[in-house]
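Peer 1: Protein chains in written order, with our numbering: chain L, 1 to 635; chain G, 1 to 178.
Cβ atoms here follow ideal geometry from the backbone N, Cα and C, with glycine treated the same way.
The structure follows.
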């Protein structure tokens, strides 16, 4: 019986794969192909206009050249991004494309033979014509596993994913026993990528052993961390990799249903997942008797409604059940009693996306990447004051310095690095001296930060650390569900103290209270939201205490960021009498010329928006920020 | 956030009830359908008026306060009617560091409303959003579903001008009435 069943699965899958391959071969082989990156980040930069321009141009010239909408390659700084593959050339990636450039690329490259090197970012393969991505310093560190497909396949066509090797791991997994799969994942050392780093294999084992049916698997795509956007990118660019991982996980633990919990702020991701689920169902990759086996599994899409705390697994489950998303005490862990009291696994998008690679390439291969206690790769979203913003995937154990200065190309406009904020509101700010820390689950925690979901916001000398701490507290205070007293009231008290600091009203006693309260909130909260909420305060206090003291003792913001502690001032000897740039741009009409036509800011009216500082031509540079505001001389 | 006294007419309320009833037909009477129902009703009506919440509570056979509790817990749901154009200012980390709070101030000043409110003429509603995942274009404001990158105070004025909104007279009216 077993032997015949095995051949069925393989045969059913072979048929699907062959169909997909021939379909895409027919569509793409020996033709120029244009791929436009149109994930949310690309769209914000105008990718849809570019896509339309390519389509119009190709149609106008009656070319046999497919134009495909793909996801995000991770090079967000250069959006909109386009890849053109033409027989005889390596695939070439173009950046900062607009409709006019699109028209030119069709005319000169697709139709002619000029690859327009002026718009090229890099070729995707080594060649002797153009620089390739492998020649960039970042290529030494990057290693793409779960981001590999992103930006290179059509996320709306399941066949493209299958033609590229997709769902092969599922066919392979269904031939194995669930215990073999759990064993493989456990041996690989895969740790949950949601932030806490719990071994995925162990979690699955607990759930498999738990009694109660039906069992559920939930994909946590409620990526609420401000500053992290990799889950969004994976769901928009390669949704099937997550679905495949989910089906395999479902098979391993014996689940009947799967839920994908996507946050509603990601409309495009919702749309892509919905479409992907439909296609998977059509090919019988979900539903009953998957690939002719005895395994039945259905996946349901659920839209979150915007509550940060729902990233916590018990809160997420409450939300799925139609209640307010409040965490509950653990144990019992969801693996034994979760959704509707049944055994439930909650895994992050990235964790599930790794599964298919581990099944097809083996635990040893996975262990060979990264470091011993944190194998595999880490995905970070680089944002803030950094040149190459975007998504990066590097082996665990890469240092922060390598990520920021080599992969991310450092700080723009020659400013000085000050700190890097890792892990969102639960993480911390690490200074220059901590930059040689390797990124993995354990080292970052020692430094006071955490992996979190992988948001990495780089701060330069113009950013105030007290303000950053206040910002995160404002966020956690707002998002606290209100269940635990320490989290509900403690975060509010801490926020008030920090707000006082940024307004120059704090005392040294407040600082001591703040530190004490931070420890108490950490100890007295039920879930990670409250437990980690003081992290931004504790790390900034640990590394940037002098900035706090300057705010308190001198009423001065050294980074000139806290609005209450600064004033804009026009230096009379630098102001050019014939220039009115600041007067015209001031949004509240607070600037007027005096009798000598020197411009003066009415401090009463000024809202400190900084428009005049930007407007003042660089050859004069007459507008300055002063702190404390009493530095502004009287007339 | 509190439910403002609504100045909707009784015909409007009746219409809301009918629309809600129509949507409810597509769902089972189970508590787990509450959030999907609320999402669909808000998708249709633009917000969740009192009468719609009462209908839903009755249909699911749960206390009305449970519906209200869920609605006020999640950021996505709104209790007042939306404006013709929606302005959502991103306050993610990257946007904040690049001046998102200054942008929010500019919107508040020009529209004369606070986040989660709608202008009196129902032209614009203002809200904040935790992060739209376009951190690289900071500071971002989502104007009617379209994320706009690099929105600084002057760009705020530009966007309003593109809608033909005369903020200067609004500003004056406001200061006179103060």
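Span of the beta strand (DSSP E) holding residue 36 (chain G)?
Peer 2: Element bounds for residue 36 (chain G): not the beta strand (DSSP E) but the alpha helix (DSSP H), 34-45.
Peer 1: Between the alpha carbons of residue 100 (chain G) and residue 460 (chain L), how many angstroms are there, rounded?
Peer 2: In a straight line, the C-alpha of residue 100 (chain G) is about 17 Å away from that of residue 460 (chain L).
Peer 1: Starting from residue 81 (chain L), follow its DSSP beta bridges and name the residues at the other end.
Peer 2: Residue 81 (chain L) is not bridged to any residue.
Peer 1: For residue 107 (chain G), does the count of other Cβ atoms within 10 angstroms reach 16, so buried, or fall short, so exposed?
Peer 2: Per the 10 Å Cβ criterion, buried.
Peer 1: If we count the other Cβ atoms within 10 Å of its Cβ and call it buried at 16 or more, is residue 127 (chain L) buried or exposed?
Peer 2: Flag for residue 127 (chain L) reads exposed.
Peer 1: Which runs of the beta strand (DSSP E) fall wholly inside the segment 93-147 of chain L and span at least 3 residues, in chain order?
Peer 2: Correct list: 120-123.
Peer 1: In the DSSP assignment, the beta strand (DSSP E) including residue 90 (chain G) goes from what residue to what residue?
Peer 2: Segment 85-90, the beta strand (DSSP E) holding residue 90 (chain G).
Peer 1: By DSSP's criteria, residue 483 (chain L) is part of a beta bridge. Which residues make up the other side?
Peer 2: DSSP lists no partner for residue 483 (chain L).
Peer 1: How many angstroms separate the CA atom of residue 130 (chain G) from the CA atom of residue 92 (chain G)?
Peer 2: Each residue's alpha carbon lies about 5 Å from the other.
Peer 1: List the DSSP bridge partners of residue 263 (chain L).
Peer 2: Paired residue(s): L:304.
Peer 1: What are the uninterrupted segments assigned as alpha helix (DSSP H) that are 4 or more residues long and contained completely in the segment 183-246 of chain L, given in chain order?
Peer 2: Correct list: 200-209, 230-237.
Peer 1: Give the residues of chain L in contact with residue 154 (chain G), contact being defined as C-beta atoms less than 8 Å apart.
Peer 2: Under the 8 Å cutoff, chain L gives 585, 587, 611.
Peer 1: Against chain L, which members of the segment 31-50 of chain G pass a CB distance test of less than 8 Å?
Peer 2: Listed by position, the residues of the segment 31-50 of chain G near chain L (Cβ gap below 8 Å) are 31, 32, 33, 34, 35, 36, 38, 39.
Peer 1: Take residue 308 (chain L) as the anchor and find which of L:325, L:298, L:295 has the nearest alpha-carbon.
Peer 2: Of L:325, L:298, L:295, the residue nearest in Cα terms is L:325.
Peer 1: Can you tell which of G:82, G:64, G:51, G:74 has the C-alpha that lies nearest to the C-alpha of residue 14 (chain G)?
Peer 2: Taking only the C-alpha atoms, the option nearest residue 14 (chain G) is G:51.
Peer 1: Pick from L:246, L:430, L:489: whose alpha carbon is nearest that of residue 355 (chain L)?
Peer 2: Out of L:246, L:430, L:489, L:246 has the C-alpha closest to the C-alpha of residue 355 (chain L).
Peer 1: Ignore the nearest five residues each way along the sequence and tell me which others in residue 626 (chain L)'s own chain have a CB closer than 7 Å to its CB.
Peer 2: Closer than 7 Å at the Cβ level, and outside the excluded window around residue 626 (chain L), lie 566, 567, 569, 632.
Peer 1: Residue 114 (chain G): buried (16+ other C-beta within 10 angstroms of its C-beta) or exposed?
Peer 2: The residue is exposed, with fewer than 16 neighbouring Cβ atoms inside 10 Å.
Peer 1: By the DSSP assignment, the alpha helix (DSSP H) with residue 108 (chain G) in it spans what residues?
Peer 2: Note, residue 108 (chain G): alpha helix (DSSP H), 100-111.
Peer 1: Would you call the segment 519-531 of chain L and the segment 296-313 of chain L touching, i.e. three or more CB-CB distances under 8 Å?
Peer 2: As far as the Cβ criterion goes, the segment 519-531 of chain L touches the segment 296-313 of chain L, which means the pair count is three or higher.
Peer 1: Mind pulling the chain L residues with CB within less than 7 Å of residue 94 (chain G)?
Peer 2: Within 7 Å Cβ-Cβ: 227, 383, 384, 457.
Peer 1: Alpha carbon to alpha carbon, how far is residue 19 (chain L) from residue 65 (chain L)?
Peer 2: Their Cα atoms are separated by approximately 21 Å.
Peer 1: Can you say whether residue 191 (chain L) is buried or exposed, counting buried as having 16 or more other CB atoms within 10 angstroms of its CB?
Peer 2: The residue in question, residue 191 (chain L), is buried, as its Cβ has 16 or more Cβ neighbours within 10 Å.
Peer 1: Taking 8 Å as the threshold (C-beta atoms), are residue 552 (chain L) and residue 501 (chain L) in contact?
Peer 2: Cβ atoms of residue 501 (chain L) and residue 552 (chain L): closer than 8 Å.
Peer 1: Taking CB distances under 8 Å as the criterion, tell me whether residue 374 (chain L) reaches chain G.
Peer 2: Chain G contact via Cβ: absent.
Peer 1: Please tell me whether residue 106 (chain G) has its Cβ less than 8 Å away from any Cβ of chain L.
Peer 2: Chain L contact via Cβ: present.
Peer 1: Expressed to the nearest angstrom, what Euclidean distance is found between the alpha-carbon atoms of residue 120 (chain L) and residue 88 (chain L)?
Peer 2: Roughly 17 Å between the two C-alpha positions.
Peer 1: Can you pull the chain G residues whose beta carbon is under 7 Å from the beta carbon of residue 390 (chain L), in chain order?
Peer 2: What residue 390 (chain L) touches in chain G: 136.
Peer 1: Give me the Cα-Cα distance between residue 115 (chain L) and residue 132 (chain L), rounded to the nearest whole angstrom.
Peer 2: If you take the alpha carbons of residue 115 (chain L) and residue 132 (chain L), they lie about 14 Å apart.
Peer 1: Taking 8 Å as the threshold (beta carbon to beta carbon), is residue 3 (chain G) in contact with chain L?
Peer 2: Here residue 3 (chain G) scores only 45 on pLDDT, less than 50, and its place in the model should not be relied on; the value that follows carries that caveat. Judged by the 8 Å Cβ criterion, residue 3 (chain G) is not in contact with chain L.
Peer 1: Using DSSP with H/G/I as helix, E/B as strand and the rest coil, what is residue 186 (chain G)?
Peer 2: Shown here, chain G extends from 1 to 178; a query on residue 186 (chain G) therefore has no answer.
Peer 1: Please list the partners that residue 163 (chain G) has in chain L, where partner means a Cβ-to-Cβ separation under 9 Å.
Peer 2: In chain order: nothing, as chain L lies at least about 17 Å away.
Peer 1: Excluding five sequence neighbours on each side, which residues of the same chain lie with their C-beta closer than 8 Å to the C-beta of residue 287 (chain L)?
Peer 2: The answer, listed in chain order, is 281, 296, 297, 298.
Peer 1: Rounded C-beta distance between residue 97 (chain G) and residue 610 (chain L)? I'm assuming under 8 Å.
Peer 2: Residue 97 (chain G) to residue 610 (chain L), Cβ: 13 Å. No contact.
Peer 1: Contact between the segment 389-402 of chain L and the segment 370-377 of chain L is defined here as three or more beta-carbon pairs at a separation below 8 Å; is this criterion met?
Peer 2: Counting Cβ pairs under 8 Å, three or more are found: they touch.
Peer 1: Using a Cβ-Cβ cut-off of 7 Å (strictly less than) and excluding sequence neighbours within five positions of residue 12 (chain L), which residues of its own chain qualify?
Peer 2: Excluding residues within five positions, the ones whose Cβ falls inside 7 Å are 291, 292.
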